[in-house]
Amino acid sequence: MNLDLSDVLLITALVMIGALFWRSHGIRERALVATRRFCERQKLEFLDESVGLEKLTLSKDNHGKRRITRIYRFEFTVTGGERYEGRTVVQGGVTQRVELPPHRYTPPPEELH
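Each residue of the sequence shown is one higher than the last, beginning at 1 in UniProt numbering.
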């Protein structure tokens, strides 16, 4: 089997695309876990158990290096009646923050002893 340069370049390009897809999927899964944990800590109900990519940009990190920044959108509820949209910001594969819009807050019922 003889491979010429165009075949090698094509195979290399396909492998690189596959690796990029695999990495993006892993970053999305980490964003999903971070969002789920955040909602649990804040006593929010994480709806649909999913995050969707909203935006992909290049931005500088705290050290001035350019990183790929992904913003994932998710939905949550507090009361069970209204849906709110939150955002999880991932920069360079690391979750930076979870952003929530103003929403209703229902304090937990006080326990009677």
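We put the beta carbon where it would ideally sit given N, CA and C, even for glycine.
Just so we're clear, the structure is a prediction, and the values are computed from it rather than from any experiment.
Quick check on this structure: which residue in the options has the alpha carbon closest to the alpha carbon of residue i?
i     : options                    : result
Arg73 : Arg67, Thr79, Leu53, Ser59 : Leu53
Thr57 : Val89, Glu40, Arg30        : Val89
Tell me the residue span of the alpha helix (DSSP H) that contains residue i.
i      : result
Glu110 : Taken as a continuous stretch (DSSP letters only), Glu110 belongs to no alpha helix (DSSP H), as it is neither H nor E.
Leu3   : Neither: Leu3 is in no alpha helix (DSSP H) and is coded neither H nor E.
Any idea if residue i is buried or exposed, counting beta-carbon neighbours within 10 angstroms, 16 or more meaning buried?
i     : result
Thr12 : exposed
Val94 : exposed
Phe21 : exposed
Gly26 : exposed
Residues in its own chain within less than 7 Å of residue i by CB, not counting five upstream and five downstream?
i     : result
Gly78 : Rather than Gly, the amino acid found at residue 78 in this sequence is Val. Around Val78: Leu44, His103, Arg104, Tyr105, Thr106.
Within a Cβ cutoff of 8 Å, which residues of the same chain sit near residue i, ignoring the five residues on either side of it in sequence?
i     : result
Ser59 : Arg66, Arg67, Thr69, Gln91
Over what stretch of residues does the beta strand (DSSP E) that includes residue i continue unbroken?
i     : result
Asp61 : Element bounds for Asp61: n/a, residue is neither H nor E.
Glu99 : 94-99
Glu85 : 84-91
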